[in-house]
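Peer 1: What follows is a single structure, and I will ask about it in a moment.
There are 4 protein chains.
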Amino acid sequence: MSSEFGTVLRVSVFGQSHGRAVGVVVDGLPAGEAVDTEDLQRFLNRRAPGRSAQSTRRFESDEPVFLSGLEGGKTCGAPLCAVIENTGQHSADYDALRDTPRPGHADYAAWAKWGGAADLRGGGHFSGRLTAPLCVAGGIAKQILSRRGIFVGAHLAAAAGIADEPFPLHPGAELFAAVAAKPFPVLWDDAGERMKAAVAAAAAEGDSVGGIVECAAVGLPAGVGEPMFGGVENRLAAALFGIPAVKGVEFGAGFAAAASRGSENNDPFTVEGGAITARTNRAGGILGGITDGMPVTLRAAFKPTPSISRPQRTVSLSRMEETELRVRGRHDPCVAHRAVPVVEAVTAAVLLDLLLEAGALDRPDFKKGGNENGIG
Amino acid sequence: MSSEFGTVLRVSVFGQSHGRAVGVVVDGLPAGEAVDTEDLQRFLNRRAPGRSAQSTRRFESDEPVFLSGLEGGKTCGAPLCAVIENTGQHSADYDALRDTPRPGHADYAAWAKWGGAADLRGGGHFSGRLTAPLCVAGGIAKQILSRRGIFVGAHLAAAAGIADEPFPLHPGAELFAAVAAKPFPVLWDDAGERMKAAVAAAAAEGDSVGGIVECAAVGLPAGVGEPMFGGVENRLAAALFGIPAVKGVEFGAGFAAAASRGSENNDPFTVEGGAITARTNRAGGILGGITDGMPVTLRAAFKPTPSISRPQRTVSLSRMEETELRVRGRHDPCVAHRAVPVVEAVTAAVLLDLLLEAGALDRPDFKKGGNENGIG
Amino acid sequence: MSSEFGTVLRVSVFGQSHGRAVGVVVDGLPAGEAVDTEDLQRFLNRRAPGRSAQSTRRFESDEPVFLSGLEGGKTCGAPLCAVIENTGQHSADYDALRDTPRPGHADYAAWAKWGGAADLRGGGHFSGRLTAPLCVAGGIAKQILSRRGIFVGAHLAAAAGIADEPFPLHPGAELFAAVAAKPFPVLWDDAGERMKAAVAAAAAEGDSVGGIVECAAVGLPAGVGEPMFGGVENRLAAALFGIPAVKGVEFGAGFAAAASRGSENNDPFTVEGGAITARTNRAGGILGGITDGMPVTLRAAFKPTPSISRPQRTVSLSRMEETELRVRGRHDPCVAHRAVPVVEAVTAAVLLDLLLEAGALDRPDFKKGGNENGIG
Amino acid sequence: MSSEFGTVLRVSVFGQSHGRAVGVVVDGLPAGEAVDTEDLQRFLNRRAPGRSAQSTRRFESDEPVFLSGLEGGKTCGAPLCAVIENTGQHSADYDALRDTPRPGHADYAAWAKWGGAADLRGGGHFSGRLTAPLCVAGGIAKQILSRRGIFVGAHLAAAAGIADEPFPLHPGAELFAAVAAKPFPVLWDDAGERMKAAVAAAAAEGDSVGGIVECAAVGLPAGVGEPMFGGVENRLAAALFGIPAVKGVEFGAGFAAAASRGSENNDPFTVEGGAITARTNRAGGILGGITDGMPVTLRAAFKPTPSISRPQRTVSLSRMEETELRVRGRHDPCVAHRAVPVVEAVTAAVLLDLLLEAGALDRPDFKKGGNENGIG
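Protein chains in written order, with my numbering: chain A, 11 to 386; chain B, 11 to 386; chain C, 11 to 386; chain D, 11 to 386.
If you want it as structure tokens, here you go:
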């Protein structure tokens, strides 16, 4: 099992960067759910390259063709397959790389696993290109969730070491929409300008920068998630680390919690409007792997793009000796801003899977949260 | 699917803190593997409570009874079941808590999920007690791996905001054994003393502290792991977040990579002793989810123990109003140092599963690493 | 993945015939479900040996001890573990068999898989003894289902080539209870007497006989099951072939359908009491892998007990030459009648899993069957 | 989880009969395996319609387009996706059927599950059309297995109640090739002629017939398969019941074993050419779910095509009353002969998955069979 995640909702991604197409099969979607393809295309465009100076100039339209699972604009119960053709690739750029694995890329690891048969052109199956079909799956999940009052949003929390402001305690659909509409997805535009300048500076030096994406999901009832290894954190982390370049995932206060005291880090419960809630959200909406009704919040760390034009030291696999490498072609000096919708997509797909597994998506007591009978 | 992880090797944990027993079923172990039960007991003792002033005084022996899967001291191919009786619990301590969920604990989330039927005594199925059977499974995995020259070790990288020194670039079996033999598992004993003082200070104030565990696995060939969602990072994270109190997981440079540049963060390849290796290990031994032959390194963030004796604000579930809570009973002011062997255990079990899935555990070319044919 | 089945409800069986205990972990049971242990024990007694001249005289009490998951007589959401000690085994009977695999047994196949480490005593993990914990899991599933008006029953449809009468078109809870109360579980007692005579005749000749179990589940709504490989037939067959000695599984008309014409085999739909139903049930209540609201019916073929006291030809593994084998010890001359509750148990567990996966167990529209919105 | 099977090798099928395309994603194929597309096309042509008077006259080319996973004629490690366009469908034929579910078809069950959103045209996702992508996956698996001396073949063992002769005790690659080359895949052509006459007679009466496919796999070592629910029988049955119209699956003597005695049904072991083998093969090469080195043999029962032109009784879903239905369009009066390669395909894919899971595909001791160390 590899390029798949999910238990009741299965998301299976395929394709290589320079192959014929990339795509996704989504098995287990509820039937009768409308898919707004224009809204979906707008979501996909947030990820697509070529939109700004911060992105690669390779241009691809990212227009999915639905081969199955969608009839008359609605899911029909059968597995949905969407395919996006690859059109903009320049394979010749990569031919010289077969013998000299790029530092920081999967080239060498893939070669060690699959030998000479591995398709390493443009990163092959490890390319960021694979996040396009992920966004198709997650974009549909977002539509299904939002119809039930569950909204997922994200922003670029940091890039090149420059921090955006964090989400407020209770972010909502409007804030998410406002960020999504921006060409550079930050809350605080001043920070965004400084990030862009830092990205441009790195690019000018033939270098790249990393970043952090913060994501939140609001509207979930308490009681979603399975114990121990089936928890919300486990499932989200397992899927999020599948996004290329992610090297860390934390929930709520995350690593900062490790330096805090219990009296600071415990979120006091309170009652508001007849419902149980918490005064703070250091837990990121998750206790024991299960939602507590507060917003689910997480942060994913993206390493700097490994493809840089500066000369680097690597080895020749055929000669087994060190050599110098200059990566050519068009590369993003930063991927984290384009990863914002990808993190939303993966988060939405995992949460939909957990709701389906708990049989909680359409239960009449869905919104009431925990009670004497529990929700699943 | 909840209290289970693994694809070919399945680890299934059961039990509640104040139930009759906790235990584990391990399905898919290779047959004919000797299990050194004395060595295993020493490993379990590293996790057991009551060993130091930094731990709860609840005393339990953590002696596993093997109900199946082990004959004549060797695995026999059938699923292995080990059970550890619960003996030291004082359930009366918890009776008052049913109506007033403890902040930072799973009480409220579990009640929202399972309703009044949830067994919340001592944390129920969400208790740190469940890490004892995890250590049985992982301790056996460690023995199987070490027989093939793969070693897994960990240390307390930080507690109460005080940092230990990090593992060196190439840690090894001897260093791992030296840390494991210490009563307080740090590399730098001066830092350990300061950590212990900080834990004691927090305990004296009825408070608790969090910490970070760093873990490394050495001796793995390049080419282990499945692409995208079946990668080493995905699988490890999915399992590690099942350890109670973990709120963040990062690999290699992790979150620090997000603030670095590509030219700093890419690990240059080189050749040493006829084999490909890297000069640095910012990737934590994992590129594209697949091992590159360098040590696999990770850090897991543990939040401070939520059970503190200071008064806290919570709600009465029956009266739906705020109230004050004082948690009684014996509680660890810090769990991170006891979690060190747990992180090793989970890491070892996941790596063994990945090696089995790749059919690579006993291949003659196992140690050679990548070649024209790949390893799996 | 081996000794486990289920997607949302996971049933994991462990133990060897002559090990310390056999048992089961059931992960994913709904919380708050009462378990009537007396009723469960009566169910287990139907499977237990030593009840009649048709069974082995090895006596074991089959009394499960619940280690977890059950508090105050109700499921608490955490995984349920039940253990049954092995007490009646005579391992000395089997020592001579290590070198001479018994024809028709798993001895040789297990040795080929696991080598000399395999525990072959009494069939090891392949023993019929493992059906005792299966009945614990399935007996609990039966109680949960019957609470919702879903009943599962079975009878010995054939033994030694002598046929019982088949279930009527619409069997029900009363008929199931009546068969379950009989010492020999047939519908037509005359046929049962002839079967017993045939079993006795075979036993007198040191031989054994096979049989067929027919099982039905009533009260399921239409629309349960996943398409293609997740269908009711796929899931049931995958689990039923895990019962030792099962060599064939068919649904509805099964193999007889292959010799029929479409005009005979298609079940005409009709309307009764305002609900859609069918006039016949050649489909066994399953169309396209999904329930159609008619009783789910299946038949499982059990081969004759391979342990017979007649001399048989086998090989000596150490000498690699043919030799004669005489199996000693106490063996059932027929297992199919004791397998009747086992087939019920496995069927109930699989159906509960499918209902949970569809989120349909407690939906208010559960009983109405299909409508414009579907059930899952 | 629905339209997928496999543990290490995952086969995921998508598409509806009258949608844009059908296809398959195969995740986990070993890298570097050549795919002979001409040989694969010949295999697909054995399933394709329009080849004989016994088949539907709907013509489709069944030419797969590979979107990913295949580079330079070899698998590259990444998931393989193959798509087959739908071109020959006449949707208008089915429009009248939405309100009147066809007896014996999945129409009603799918409507009960998915409501009005279900795509029922031509059987939708339940159509036999979905076996085309299954044959792509299985045809590639067959090539990979045959390269290691493992061959899978099948024939039409019965149709309309007329039996072909069974496979001999040790069928082989040549026999499989000979049957595959025939326009009507039987061993005994006289029986084939009588079958064709019976099919024609049924067709002339607006009716249809069922049949049985026997399949065998030779060249597997002893020791393949996981215990209990992960056995060869469990895995094969779980996948085979995913082929539309299959209502029964049996291994070796199957249901006939239930009427036999142990002394007849046990296969005596013997030694031939220095290797352990059996004198008979009532077990179908599987003991305890694990291969014993004899040919794996199975039989799958196919019900008669439910689409018949004779008038049938059904209901109007909108009026909730009985009505008469006449199914129009082009339909196979028998599907079992076209199902022969499909059974081969599914069998090959499942066996490849089991070999990969055991890490046994390329082990040097692969062919030696069981020994003191076992194979997996």
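The C-beta atom is built at its ideal place from N, Cα and C for all residues, glycine as well.
1. Put Val-345(D) into one of helix, strand or coil per three-state DSSP.
2. Is it right to say Ser-270(B) is buried, meaning 16 or more other beta carbons lie within 10 angstroms of its own, or is it exposed?
3. Per the DSSP calculation, Ala-165(A) is bridged to which residue(s)?
4. Check whether the region 114-133 of chain C and the region 142-151 of chain C touch, using three or more Cβ-Cβ pairs below 8 Å as the test.
5. By Cβ distance below 7 Å, which residues in the same chain neighbour Asp-277(A) in space, the five residues on each side in sequence not counted?
6. Could you check how far apart the C-beta atoms of His-180(A) and Asp-174(A) are, in whole angstroms? I think they sit under 8 Å.
7. Below 8 Å, how does it come out for the region 359-366 of chain C and the region 240-250 of chain C: are there three or more Cβ pairs, yes or no?
8. Taking only beta-carbon positions, decide if Thr-17(C) is within less than 9 Å of chain A.
9. Counting only C-beta atoms, is Arg-348(B) closer than 9 Å to chain A at any point?
10. Counting Cβ pairs, one atom from each stretch, are 3 or more of them under 8 Å apart for the region 81-89 of chain C and the region 26-44 of chain C?
11. So does the region 158-172 of chain A actually touch the region 201-221 of chain A, counting three or more Cβ pairs closer than 8 Å?
12. Compare the C-beta of Pro-278(A) with all C-beta atoms of chain B and state if any pair is closer than 9 Å.
13. Could you give the distance in angstroms between the alpha-carbon of Ile-286(A) and the alpha-carbon of Val-234(A)?
14. Nearest-angstrom Cα distance between Arg-139(B) and Ser-12(B)?
15. I'd like the list of long-range same chain contacts for Arg-320(B), defined as Cβ closer than 7 Å, with 5 residues on each side in sequence excluded.
16. Over the uninterrupted alpha helix (DSSP H) stretch that includes Ser-97(C), give me the two end residues.
17. Who are the neighbours of Cys-145(A) on chain D, taking C-beta pairs under 9 Å?
18. On the DSSP letters alone, give me the boundaries of the beta strand (DSSP E) that Thr-47(A) sits inside.
19. Can you tell me the Cα-Cα spacing of Glu-260(C) and Arg-309(C), whole angstroms?
20. Counting contacts by CB-CB distance shorter than 9 Å, is Val-30(A) in contact with chain D?
21. Are Glu-332(A) and Thr-280(B) close, meaning C-beta to C-beta below 9 Å?
22. Relative to the C-alpha of Asn-55(A), which residue among Ala-201(A), Pro-113(A), Gly-16(A), Pro-193(A) is closest?
23. Check whether the region 299-313 of chain A touches the region 339-356 of chain B, counting contact only when three or more Cβ pairs, one atom from each stretch, lie closer than 8 Å.
24. So for Ser-78(B), helix, strand or coil by DSSP?
25. Using a cut-off of 7 Å between C-beta atoms, extract the partners of His-115(D) located in chain C.
26. Do you know offhand how far Phe-265(D)'s Cα is from Gly-182(C)'s?
27. Between the Cα of Ala-213(A) and the Cα atoms of Pro-176(B), Met-330(B), Pro-231(B), Gly-272(B), which residue gives the shortest distance?
28. For a contact meaning CB atoms closer than 8 Å, what does Phe-24(A) contact in chain D?
29. Can you list, in chain order, the residues of its chain with a C-beta nearer than 8 Å to that of Gln-153(A)? Leave out the 5 residues immediately preceding and following it.
30. Between Ala-210(C) and Ala-201(C), what straight-line distance do the alpha-carbon atoms span, to the nearest angstrom?
31. How many angstroms separate the CA atom of Gly-339(D) from the CA atom of Thr-97(D)?
32. Can you check whether the C-beta of Glu-73(B) is within less than 9 Å of a C-beta belonging to chain C?
33. Go ahead and pull the three-state DSSP assignment for Asp-200(B).
34. Which residues in chain D sit within 9 Å of Glu-14(A), going by Cβ to Cβ distance?
35. According to the neighbour-count rule (16 or more other Cβ atoms, all chains shown, within 10 Å of its Cβ), is Ser-22(B) buried or exposed?
36. Between which two residues does the beta strand (DSSP E) holding Thr-141(C) run?
Peer 2: The answer reads as follows:
1. coil
2. buried
3. What sits at residue 165(A) in the sequence shown is His, not Ala. In DSSP, His-165(A) forms a bridge with Glu-224(A).
4. Cβ pair count under 8 Å is below three, so no.
5. Closer than 7 Å at the Cβ level, and outside the excluded window around Asp-277(A), lie Ala-288, Arg-289, Thr-290, Asn-291, Arg-292, Ala-293.
6. Incorrect: roughly 18 Å between the Cβ atoms, too far for contact.
7. The region 359-366 of chain C, when compared against the region 240-250 of chain C, does touch it at the 8 Å Cβ threshold.
8. yes
9. Chain A contact via Cβ: absent.
10. yes
11. Taking 8 Å as the limit for Cβ pairs, the verdict is that the region 201-221 of chain A does touch the region 158-172 of chain A.
12. yes
13. 15 Å
14. 17 Å
15. These residues qualify, in order along the chain: Gly-216, Asp-217.
16. For the sequence presented, residue 97(C) should be read as Thr rather than Ser. Unbroken run through Thr-97(C): none, as it is neither H nor E.
17. The contacting residues do not exist; Cys-145(A) stays about 17 Å from chain D at best.
18. Per DSSP, Thr-47(A) belongs to no beta strand (DSSP E); it is in the alpha helix (DSSP H), 47-57.
19. The straight-line gap from Cα to Cα measures roughly 5 Å.
20. What sits at residue 30(A) in the sequence shown is Arg, not Val. Taking Cβ atoms only, chain D reaches closer than 9 Å to Arg-30(A), which makes this a yes.
21. The Cβ atoms of Glu-332(A) and Thr-280(B) lie closer than 9 Å to each other.
22. Pro-193(A)
23. no
24. strand
25. Leu-297
26. 26 Å
27. Answer by Cα proximity: Gly-272(B).
28. What Phe-24(A) touches in chain D: Val-35, Asp-37, Leu-77, Ser-78, Gly-79, Ala-88, Pro-89, Leu-90, Cys-91.
29. Glu-43, Ala-44, Val-45, Asp-46, Asp-49, Leu-50
30. 14 Å
31. 15 Å
32. no
33. Helix, per DSSP.
34. Glu-14, Arg-20, Ser-22, Val-35, Asp-37, Pro-89
35. By the neighbour-count rule (16 or more Cβ atoms within 10 Å), Ser-22(B) is buried.
36. Unbroken run through Thr-141(C) is the alpha helix (DSSP H), 141-156; no beta strand (DSSP E).
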